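Numbering (our numbering), first residue to last: 2 to 418. Note that beta-carbon positions come from the ideal geometry of N, C-alpha and C, so glycine has one too. Since the model is a prediction, treat every value here as computed from it, not as a measurement. Before any comments, here is the structure.
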Amino acid sequence: MPAAFDRVIGHVDMDSFYASVEVRDDPSLAGKPLAVGGSAERRGVVSSASYEARRYGVRSAMPTATALQRCPDLIVLPGRMGRYQEVSHRLMAILREFSPLVEPLSLDEAFLDLSGADRLLGTPVEIGTAVRERIRRELGLTASVGISNSKFVAKLASDHEKPDGLTVIPPESVVAFVQSLPLERLWGVGPATREALRGAGIRTIAALARASEESLTRVVGSGALHLRALARGEDDRPVIPDTPPKSLSHETTFAVDQTDEEVLEGVLLSLAEKVAQRARANGLGGRTVTLKLRLPDFTTLTRSRTLPTPTRDAGEIFRESLVLFRSVHHRGEGVRLLGVGISGFTTSPQLELGLHGDPGHERDPDPQRLRHLHAAEDEVVGRFGRKALGRARSLLSRSVEDTGSLEGRPRPEERER
Ligand SMILES: [Mg+2]
2 MPAAFDRVIG
12 HVDMDSFYAS
22 VEVRDDPSLA
32 GKPLAVGGSA
42 ERRGVVSSAS
52 YEARRYGVRS
62 AMPTATALQR
72 CPDLIVLPGR
82 MGRYQEVSHR
92 LMAILREFSP
102 LVEPLSLDEA
112 FLDLSGADRL
122 LGTPVEIGTA
132 VRERIRRELG
142 LTASVGISNS
152 KFVAKLASDH
162 EKPDGLTVIP
172 PESVVAFVQS
182 LPLERLWGVG
192 PATREALRGA
202 GIRTIAALAR
212 ASEESLTRVV
222 GSGALHLRAL
232 ARGEDDRPVI
242 PDTPPKSLSH
252 ETTFAVDQTD
262 EEVLEGVLLS
272 LAEKVAQRAR
282 ANGLGGRTVT
292 LKLRLPDFTT
302 LTRSRTLPTP
312 TRDAGEIFRE
322 SLVLFRSVHH
332 RGEGVRLLGV
342 GISGFTTSPQ
352 LELGLHGDPG
362 HERDPDPQRL
372 RHLHAAEDEV
382 VGRFGRKALG
392 RARSLLSRSV
402 EDTGSLEGRP
412 RPEERER
């Protein structure tokens, strides 16, 4: 059986970004060798080259004069940074719909921590396909995506079938994949390090992975252990978002307005479970639990409760959202949409004390958390029976819309009651 991903890290990299934006905006450029960069007269360099130009050996960072020698028909455009920034902004917004943890590396490249998204969004292959599809549909551009269990391997993977590729490296294939690559693909191995390693008889990533700390330190100094860990496919650096998420929520719109109390409470529990799972996967705990309820006439109610200590406990989130639900919902009244969210995130010591866990990634099931969850399930089951919970869950899985909102922005059409 394949090993489970302990973390799911994605790396998204747009294909020849500036050049592709130019082609998209002016389709007459399609299929032509194109570069965005400074002019040859001003000793400019290429910042982005279309794949047609790359066939002539045109590369980014190459002097434009050299690029024109290699490809005399090359079309050189000066570039429109404002336009690229605008597209980049939309790209990052799309990525943030897949995970609150998006770490942009440049305008056209970002890491995403997708841990915990799998039960919501599917397998890594399905998530990668969905990300690429959204980008293609909404931006009219192609992206290459790599997914693995670390930043390092995800980035290698996105490059593996570039352009317009998707490469998923499951944990059990990481070592073989990394060690199939040339030595210089390791981060931090430039020409000088490569020569020093070769001088010491280390010519492959596999050999580097086997080298002793002492011998490696003699060659590359203090970076030896880090380099050897990469050669072993080990890289536990977290994805650090440029802006921390403000809220995390899940909501569902029912295909048919729901009046059944037991179904609604079962759905609340399922939503609380999803929120808690995402919060744990992202190392977040929130003090405020928010319930969102939309009535058949589109009136939307949101109610919040703030707890003394932050939580990412499904049972606690459920109990709080149930109190809120009962405070606004009249029995028998139809419900069009239900949502549960948490906000007011903290990384204070309270969270660590309260949750006994590694703030980054909980790998061990926390007994207290499981107890709370089971108690909440028992509560629903006790009132309505196990079948009710099953019905609620299957209803949720078939619902017309199941969105994980990360910002909790109210939408313009919503009216407050
Ligand atoms: Mg790129």
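- Query: When DSSP labels each residue in this structure, what does residue 160 get in the three-state scheme?
  - Reply: helix
- Task: Starting from the C-beta of residue 25, find all residues in its chain whose C-beta is less than 7 angstroms away, skip the five residues before and the five after it, and write them out in chain order.
- Result: 141 and 142
- Query: Going by the CB atoms, is the gap between residue 37 and residue 48 shorter than 7 angstroms?
  - Reply: Less than 7 angstroms separates the beta-carbon of residue 48 from that of residue 37.
- Beta-carbon separation of residue 306 and residue 329 under 7 angstroms? no
- Message: Less than 7 angstroms between the beta carbons of residue 113 and residue 103, yes or no?
- Response: Result yes, Cβ atoms of residue 113 and residue 103 sit closer than 7 angstroms.
- Item | Through-space distance from residue 7 to residue 273, alpha-carbon basis | 22 angstroms
- Item | Neighbouring residues (CB closer than 6 angstroms to any heavy atom of ligand 1) | 14, 15, 18, 109 and 110
- From this set, 276, 159 and 208, which residue's C-alpha is nearest residue 180's C-alpha? Comparing alpha carbon positions, the residue from 276, 159 and 208 closest to residue 180 is 208.
- Query: Between which two residues does the alpha helix (DSSP H) containing residue 128 stretch?
  - Reply: 125 to 140
- Message: Which residues does DSSP list as the beta-bridge partners of residue 287?
- Response: 312 and 346
- Query: Where do the ends of the beta strand (DSSP E) carrying residue 331 lie?
  - Reply: Premise fails: residue 331 is in no beta strand (DSSP E) and is neither H nor E.
- Item | Sheet register partners of residue 259 (DSSP bridge) | Per the DSSP secondary-structure output, residue 259 pairs in a beta bridge with 336.
- Message: Rounded to whole angstroms, what is the Cα-Cα separation between residue 160 and residue 153?
- Response: 11 angstroms
- Spatial neighbours of residue 365 within its chain, please: CB distance less than 6 angstroms, with the 5 preceding and 5 following residues excluded, ordered by chain position. Note on residue 365: pLDDT 42, under 50, position unreliable in the model; the coordinate value appears next. Once the five neighbours on either side are set aside, residue 365 has no close Cβ partner at all.
- Message: Suppose you measure from the CA of residue 32 to the CA of residue 53; what does that come to, to the nearest Å?
- Response: Roughly 7 angstroms separates the two Cα atoms.
- Query: Is residue 220 closer than 7 angstroms to residue 193 when the C-beta atoms are compared?
  - Reply: In this structure, residue 220 does not lie closer than 7 angstroms to residue 193 by Cβ.
- Where do the N-terminal and C-terminal ends of the beta strand (DSSP E) with residue 420 fall, by residue? An answer regarding residue 420 cannot be provided, because it is not within the stretch 2 to 418 covered by the chain.
- Item | Three-state class that DSSP yields for residue 153 in the structure shown | helix
- Which residues in the same chain have their Cβ closer than 8 angstroms to the Cβ of residue 1, if we skip the five residues on either side of it in sequence? Only positions 2 to 418 of the chain appear in the structure, and residue 1 is not among them; the question remains open.
- Task: Hey, could you find the ends of the alpha helix (DSSP H) residue 228 is sitting in?
- Result: 225 to 232
- Item | residue 67: first and last residue of the uninterrupted alpha helix (DSSP H) it sits in | 65 to 71
- From the DSSP output, in three-state form, read off residue 252 for me. strand
- Local conformation of residue 110 per DSSP, three classes: strand
- Query: In terms of alpha-carbon separation, which member of 189, 172, 242 and 248 lies closest to residue 222?
  - Reply: 189
- Task: Please name the residue in 77, 326 and 300 whose C-alpha comes closest to that of residue 264.
- Result: 326
- Cutoff 7 angstroms; reference residue 95; Cβ partners in own chain excluding five residues on either side: 135, 136 and 139
- Item | Closest by C-alpha distance to residue 169, when choosing among 210, 206, 130 and 187 | 130
- Message: Tell me which residues share the same chain as residue 185 and place their Cβ nearer than 8 angstroms to its Cβ, disregarding the 5 neighbours each side in the sequence.
- Response: 191, 192 and 195
- Residues near residue 82 by beta carbon distance below 7 angstroms, same chain, minus five either side: none
- Please check the pair residue 147 and residue 157, which I expect to be a contact at CB under 8 angstroms, by giving their CB distance rounded to whole angstroms. 7 angstroms
- Please check the pair residue 110 and residue 14, which I expect to be a contact at CB under 8 angstroms, by giving their CB distance rounded to whole angstroms. Going by Cβ atoms, the distance from residue 110 to residue 14 rounds to 5 angstroms, so yes, they are a contact pair.
- Item | As assigned by DSSP and simplified to three states, the class of residue 76 | strand
- Thinking C-alpha only, which one of 23, 86 and 65 is nearest residue 43? It is 65.
- Going along the chain, which residues of its own chain have a beta-carbon closer than 8 angstroms to the beta-carbon of residue 236, five neighbours each way excluded? Residues of the same chain with a CB within less than 8 angstroms of the CB of residue 236, apart from the 5 flanking positions on each side, are 151, 152, 153, 154 and 230 in chain order.
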